[in-house]
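Enquirer: A single structure is presented below for examination.
Numbering (the numbering used here), first residue to last: 54 to 155.
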């Protein structure tokens, strides 16, 4: 039970930090950005992989923090990176599971 509490706290702290970072980085009002930021995409993949693959309580909390920081950005920012990052992480997870089965 304590590991879920740690994950939730890490996610909330990440979301607050992501929102603060987003307001510092983007001063304009709500704008939908249609280009994918490569750095945020890599961070999203790493965060989702840490959540999905890691059996370590601390690494899972770090993954929740990273994903929370990306989800916590202002509306219109980071949404493509999250979708692509989650998709890539699921594909990597499935490939790892399939390679272990053979």
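Built from N, CA and C at the ideal position, the CB exists for glycine as well. What you are looking at is a predicted structure, and each value in this text was computed from that prediction instead of being measured.
Rounding to the nearest angstrom, what Cα-Cα distance links residue 63 and residue 116 in this structure?
Expert: Rounded to the nearest angstrom, the two C-alpha atoms are 9 Å apart.
Enquirer: Excluding sequence positions up to five away, which residues of its chain have a Cβ less than 6 Å from the Cβ of residue 100?
Expert: 116, 119 and 120.
Enquirer: Please classify residue 94 as buried or exposed, where buried requires at least 16 neighbouring CB atoms within 10 angstroms.
Expert: By the neighbour-count rule (16 or more Cβ atoms within 10 Å), residue 94 is buried.
Enquirer: Would you decide whether residue 92 is buried or exposed? Buried here means 16 or more other CB atoms lie within 10 Å of its CB.
Expert: Exposed: under 16 other Cβ atoms inside 10 Å.
Enquirer: Closest to residue 96 by CA distance: which of 71, 152 and 78 is it?
Expert: Minimum Cα distance to residue 96 is reached at 71.
Enquirer: Applying the criterion that 16 or more other CB atoms from any shown protein chain within 10 Å of the CB defines a buried residue, is residue 144 buried or exposed?
Expert: Residue 144 should be labelled exposed.
Enquirer: Among 105, 153, 56 and 66, which residue has its Cα nearest to the Cα of residue 138?
Expert: Taking only the C-alpha atoms, the option nearest residue 138 is 105.
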